[in-house]
Structures are given as structure tokens and as C-alpha cells.
Amino acid sequence: MTDTDLPPLNALRAFEAAARLGSLSRAAEALHVTHGAVSRQVRLLEEALGTPLFVRAGRGLRLTPAGMRMRDAAGDAFARLQGAAAAIRRSGTSPALVLGCPGSLLARWMIPRLPRLNDALHDLKLHLSPHEGAFPASLEGFDAALLIGTSPWPASWTVCALASERIGPVLSARHADATRLAALTPDALLREPLLHTTSRPQAWPTWALLQGAASPDDLGTGFEHLYFLLEAAAAGLGVAIAPQELVADDLAAGRLLAPWGFVETDAQWILATRRDDDDARLDALAEWLKQELA
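Note that the sequence shown ends on residue 294 in full-length UniProt numbering; no numbers are left out.
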């Protein structure tokens with residue numbers, strides 16, 4: 001390999017992911033390949049450069065000085081390529097902005113507000129894409145992600161904080177004990193049959209802590225998705241815990257009740273974009289989201 005030759009691009013990609021994530025295993029997960037494939041590519045890059053890029057540090061990896069230099073160069077290069085690709089896609093025949101959202105947020109909050117969004121930002125072509133689990137640090141496949149969570153966020157993101165999350169218990173007026181339950185203190189309520197989502201089992205303990213109550217011993221029946229949880233609550237099967245914004249329409253329609261109100265958590269609604277993406281449509285979308293959540 002001469003001084004003017006580029007290193008193998010697949011090897012650079014594997015190395016950049018391993019350097020950014022600090023682990024060959026996590027890099028393999030992010031790139032959807034095997035641990036062995038990442039290891040081979042990193043070894044190939046080290047052979048091409050004639051110097052080690054990593055040294056073992058306990059169970060993890062530590063970059064050598066050469067590795068740090070290559071990490072910075074590769075990270076910058078890939079970020080610029082992603083930005084250029086995004087700009088080219090936007091200038092092509094399909095300029096829709098791809099917004100990723102968790103399914104429950106998409107169904108219960110974003111979709112019902114699409115008519116207002118279309119009125120406010122009528123030139124914005126938006127493609128909504130449901131996504132479960134953690135978003136990739138590269139936001140691959142998305143122009144932006146709308147989600148509720150807590151920091152730290154990936155260093156490759158620009159994060160626009162939209163609003164603080166508020167959570168609280170809700171139940172249906174059809175619940176057999178609705179009147180009695182509505183009069184209970186938080187401590188007493190937490191001894192009743194509860195409903196929760198398995199993706200967020202800490203919601204009830206968080207609410208209890210913020211109310212100065214003891215954490216419940218039993219979280220009750222768990223549901224995989226918030227949609228199913230709230231349908232169970234609306235059917236009168238128990239008391240659910242949910243973000244205020246995602247039940248606001250049900251409360252307004254009288255489908256659910258919130259006798260205990262809502263409390264602010266340390267989680268936030270955010271709009272995440274790639275750090276080098278300067279698409280003006282994202283600024284307009286962020287401002288609209290802030291207004292809707294205010």
C-alpha cells in the first residue's frame with residue numbers, strides 16, 4: 001500500500017464503529033455483522049497502515065495514538081459523507097423528511113396531530129417511520145428521531161429539547177372501583193392492582209418516588225406496548241401509568257381519568273438529528289413540536 005492509497009473502506013467503517021463505541025461487540029451489533037467480521041476488518045486496517053490502532057484494556061479496548069488520529073479522521077469523513085448523502089437525497093425526486101418515532105408515540109400523539117402539522121408546515125413532506133428500541137447513533141435510515149428519554153445522548157446527535165416528560169396514573173370511569181380509587185392517596189393506590197409496560201417497568205417506581213410514596217412491591221400486569229396498556233385501562237382492567245402527552249386526547253374525551261394528576265420526570269421529549277445536518281426543515285419541525293407540547 002502506497003502513501004496515496006486509501007485504506008479499505010469496509011475496514012475503515014468497522015474501525016470507526018469500534019472506536020466510537022469502544023467495543024468490537026457493540027460495533028458488530030451496530031453494523032449488523034459478526035464480532036469476528038469486525039475483528040478481521042480492524043486487523044486488515046492495521047496491516048494496511050502498518051501500526052496497531054487498539055490495545056486491550058481489561059475487557060475493553062483503548063486506542064493507540066495512531067488509533068485516535070484515525071478515529072478523528074474517519075469520524076469526520078463519514079459524518080461529511082452522511083451529510084452530503086442526505087443533501088443529495090433531499091434534492092432528488094423524493095424529498096420527504098424521514099422522521100422516526102416509537103410506535104406508541106407515533107400512533108397516540110403524532111398521527112392525530114398531522115392535520116395541524118400539515119396546516120402549519122404545508123411545504124414539509126414528512127414520512128413517519130415507526131422504530132422500537134434504541135435509535136442507532138448514526139440515525140441510519142432517518143433524517144430525525146422524535147422520542148422521550150434521558151441523557152446522555154450519542155455524541156453524533158444534535159439534540160433539541162422540546163419539553164419535559166410528565167407521567168401519572170390513569171383509569172377508566174368504567175372501572176368497577178373508579179370512585180373509590182380516585183379518592184386514594186398515592187401510598188394506598190400503589191397497593192391496588194396496577195398495569196404497566198414491560199418496556200418501562202421503572203415508571204411506577206419513578207412516580208412513587210416523586211410522590212414521596214413507597215415503591216410498589218408488585219407492578220401488576222405488564223403489556224409490551226403502551227397502546228395495549230391504555231386499551232386495558234380504558235376497558236376498566238386496572239390503573240395504568242403513562243406520559244400525560246400520550247393520554248391527553250383520551251382525557252379530553254373522557255375515555256380516561258387522571259385523578260392524581262401528573263408529575264415531571266427527568267426524561268425529555270427530544271428531536272434528534274445528525275450533528276452535521278443543517279436542513280432548515282428540521283428547525284421548522286422542532287419549533288412546531290415545541291408549540292404542540294407547550
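Don't be surprised by glycine CBs; every beta carbon is placed ideally from N, CA and C.
query, result
"Do R174 and G236 come within 8 Å of each other at the CB atom, strictly closer than that value?", "yes"
"How far does the beta strand (DSSP E) with L63 in it extend, from its first residue to its last?", "60-63"
"Hey, is the segment 198-211 in contact with the segment 259-279, meaning 3+ C-beta pairs nearer than 8 Å?", "yes"
"Would you say the segment 237-245 touches the segment 160-171, given that touching needs at least three Cβ pairs under 8 Å?", "yes"
"Can you say whether H122 is buried or exposed, counting buried as having 16 or more other CB atoms within 10 angstroms of its CB?", "exposed"
"Could you tell me the boundaries of the beta strand (DSSP E) in which E192 lies?", "No beta strand (DSSP E) contains E192, which DSSP labels as neither H nor E."
"Cutting at 6 Å between CB atoms, please list the residues of its own chain near S94, excluding the five before and the five after it.", "Here the model assigns S94 a pLDDT of 47, short of 50, so the residue's position is not dependable and the matter cannot be decided."
"When the Cα of W109 is compared with those of I270, D249, A74, D278, which residue comes out closest?", "D249"
"To which residues does DSSP link E264 through a beta bridge?", "R166"
"So, helix, strand or coil for S172, using DSSP?", "coil"
"Any contact of the segment 278-292 with the segment 185-201, i.e. 3+ C-beta pairs under 8 Å?", "no"
"Should L81 and T64 be called a contact, given that it needs their Cβ atoms to be closer than 8 Å?", "no"
"Since I believe L171 is in contact with A233 (beta carbons under 8 Å), could you give me their beta-carbon distance rounded to a whole number of angstroms?", "6 Å"
"By the 10 Å Cβ neighbour count, where 16 or more other Cβ atoms means buried, how is G67 classified, buried or exposed?", "buried"
"Assuming A30 and A11 are in contact, meaning their beta carbons sit under 8 Å apart, how far apart are those beta carbons, in whole angstroms?", "Not a contact, Cβ separation roughly 16 Å."
"Alpha carbon to alpha carbon, how far is L106 from D5?", "46 Å"
"In the DSSP assignment, the beta strand (DSSP E) including A14 goes from what residue to what residue?", "First-last for A14: 9-21, but that is the alpha helix (DSSP H), not the beta strand (DSSP E)."
"With DSSP run on the structure shown, which of helix, strand or coil describes A155?", "coil"
"Of the choices S23, A120, G238, H131, whose alpha-carbon is the least far from that of L61?", "S23"
"Going by CA-CA distance only, name the one from A96, T206, Q268 that's closest to P152.", "Q268"
"Measure the Cβ-Cβ separation of A144 and L271 and say whether it is below 8 Å.", "yes"
"May I ask whether a heavy atom of the ligand PLP can be found less than 7 Å away from the beta carbon of G220?", "Of ligands this structure carries none, so the ligand PLP is not represented either."
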